Amino acid sequence: MTGIASPLPSIDALLRSPEAAVMLARFGSSAVTAALRDSLAVHRAAARFGLATAAILGETADRLAARFARSQRPVFNMTGTVLHTNLGRSPLPPEAAEAAAEALRHATSVEFDLATGRRGERDDHIGGLLRELTGAEACTVVNNNAAAVMLVLNTLALGKEVLVSRGELIEIGGSFRLPDIMSRSGAILKEVGTTNRTHARDYAEAIAAPVGAIMRVHRANYAITGFTATVPVGVLATIAHDGGIPLIEDLGSGSLVDLERWGLPHEPTPRESLMAGADVVTFSGDKLLGGPQAGLIVGHKDVIAAIGRNPLKRAVRVDKGRLAALEVVLRLYLDPDRLAERVPALRLLVRPEAEIRATSERIAPAIAARWPDRGVAVEACRSQIGSGALPRDMLPSTAVTLGGGSLEVLAKTLRDLPRPVIGRMSRGRLILDCRCLEATDEAAFIAQIA
Ligand SMILES: *Cc1c(COP(=O)(O)O)cnc(C)c1O
């Protein structure tokens, strides 16, 4: 500091300005004072003195806006991956989101039995529905499928070996790796078979030693092709039951309905797995089911009862908001004919290509007007289901694509929009897959581009 330049305005003087009054009303005095101090410090450090009041107040306003802006924000998912884990997977039906918001705002009967006035069970809100939809004797719900797998293993196989085929030792997105989850659950992984071929006799031989359970894991995000062999659930169930141990199946995406109904490839359902003899089946709430993040566990009464007595269950329980949303989504499954209209995840997956193309053509002019030098085009592309469901099956779709110049700069500009637009880059173009941009969102999309 030179000491002779005109001094910076004082905090008090700044706080008395009309600009500060607006900020104070919005953000409160402690945040505004702190932000003013930060702005002053920057000016002092840069030895920027003199008529700085307007600049300091302007910077303070920006600082406060950034500090109070929400970090998690809605985005336009134009990646072409419908159930994108990093973008929150399944969007909820509006009535499910409303039920969640209402439950979060108020006291609810989450663990209160309104009939008797006594303590109730969290699981009771979804128990009947889930039993009806899967044919299970009993069920429970936890934080996510990773927690479901961990809890099942910890309950049924603590300190015991669990047989898993070498072809099923999956990793889902880095943080869910079956061998790691298994060791943290306290079960001991016992690999059987080989990567490409596992036979019934591999399990039968391994079961000669004391074993806690057999586990089957759905090959959610990969496929093994060529010279392969797997053991059907029914055969595995027989081997497990002959050995007096349970068969656990981790289905991952676990659709509650047969997707072939909408021309999508078959994905095993919990009902099929239970009917074939699995004792307990786990799957996610926010994959093909189209609900909130949750881990669903369905199976035999005694298994579910044992899980209920496990102290770890409390550590992975689901909150009342998500439970409310899940209940609403499950109830939509009681009317399967209208599912594809009402459950957004399914609606987006079965959306007709012609409709996606029409959306692309309607939004392309706005994009071309904003970026005239980017060679904006409407092109056929392929979307994927995501979250490991049906990895090989790419859905025909349409995108608006951009090129020329730095794609990184362009992608950043799109991410900086009020509702960020997230696309994907492929072969030198930025692809904005329009599958997940529904007609109801088009106007908002176009408005912020323009
Ligand atoms: C997705 C998946 C999981 C993890 O489920 P989350 O709900 O993400 O915890 C576990 N197993 C399989 C087979 C999966 O596909």
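Take 3 as the starting number for the sequence shown in this note's numbering and just add one per residue.
Just so it is clear, CB atoms sit at the ideal spot from N, CA and C, and this is done for glycine as well.
Quick caveat: nothing in here was measured; it's all calculated off a predicted structure.
Residue ranges of uninterrupted beta strand (DSSP E) with 3 or more members, entirely inside the segment 223-256 and ordered along the chain, are 249-254.
Residue pairing from DSSP places Val143 in a beta bridge opposite Leu298. Under the three-state reduction of DSSP, Asp115 is assigned to strand.
Under the DSSP definition of a beta bridge, Glu173 partners with Arg179. Using a Cβ distance threshold of 8 Å, Ser389 and Lys289 count as a contacting pair. Out of Asp443, Pro420 and Gly377, the CA that lies nearest to the CA of Gly430 is found in Gly377. Rounded to the nearest whole angstrom, the C-alpha separation of Ala138 and Ser255 is 17 Å. Between ligand 1 and the CB of Val151, the shortest heavy atom gap is smaller than 7 Å. For Pro398, DSSP records a beta bridge to Arg384. With the criterion CB distance below 5 Å from any heavy atom of ligand 1, the matching residues run Asn146, Asn147, Ala148, Ile174, Phe178, His220, Ala222, Asp252, Gly254, Ser286 and Gly390 along the chain. Annotated three-state conformation of Ile216 is strand, per DSSP. Between the segment 57-66 and the segment 37-49 there are three or more inter-stretch CB-CB distances shorter than 8 Å, so the stretches are counted as touching.
In this structure Arg324 is buried. Its beta-carbon is surrounded by 16 or more other beta-carbon atoms within 10 angstroms. Non-local C-beta neighbours of His201 in its own chain, meaning closer than 8 Å and more than five positions away in sequence, comprise Gly195, Ala231 and Val233, ordered along the chain. Every candidate beta strand (DSSP E) stretch fails here, since none sits fully inside the segment 313-368 while reaching 3 residues. Taking a contact to require three or more Cβ pairs closer than 8 Å, the segment 137-151 and the segment 299-318 qualify as touching. Closest by C-alpha distance to Leu351, out of Gly82, Gln74 and Pro11, is Gly82. Look at Val151 here: in three-state DSSP terms it is helix. Residues of the same chain with a CB within less than 7 Å of the CB of Gly214, apart from the 5 flanking positions on each side, are Leu158, Ala159, Lys162, Glu163, Val164, Ala189 and Ile247 in chain order. Note on Gly407: under 16 other CB atoms within 10 angstroms of its CB, so exposed under the neighbour-count rule.
Here the C-alpha atom of His268 lies approximately 27 Å from the C-alpha atom of Leu155. In the structure shown, Ile128 falls within a helical segment according to DSSP collapsed to helix, strand and coil. Going by beta carbons, Ser385 and Asp321 fall outside the 8 Å limit.
Judged by beta-carbon spacing, Arg46 lies beyond the 8 Å limit of Leu17, meaning their Cβ atoms are not closer than that value.
Distances from the CA of Thr400 to each of Ala413, Phe447, Glu381 and Leu412 were compared; the closest alpha carbon is that of Glu381.
Boundaries of the alpha helix (DSSP H) harbouring Thr62: Thr55 to Phe70, taken from the DSSP string. With a 10 Å radius around the Cβ and a threshold of 16 neighbouring Cβ atoms, Asn146 comes out buried. Checking the DSSP bridge columns, you'll see Val282 partnered with Ile250 and Gly301. With a 10 Å radius around the Cβ and a threshold of 16 neighbouring Cβ atoms, Val411 comes out exposed. Between the C-alpha atoms of Gln450 and Leu253 there is a straight-line separation of about 40 Å. For Lys192, the enclosing beta strand (DSSP E) covers residues Ile190 to Val194.
Judged by DSSP secondary structure, Asp288 falls outside any alpha helix (DSSP H); it is assigned neither H nor E.
Taken atom to atom, the span from the alpha-carbon of Leu171 to that of Met25 is near 55 Å. In the structure shown, Ala379 adopts extended strand secondary structure according to DSSP, grouped into three states.
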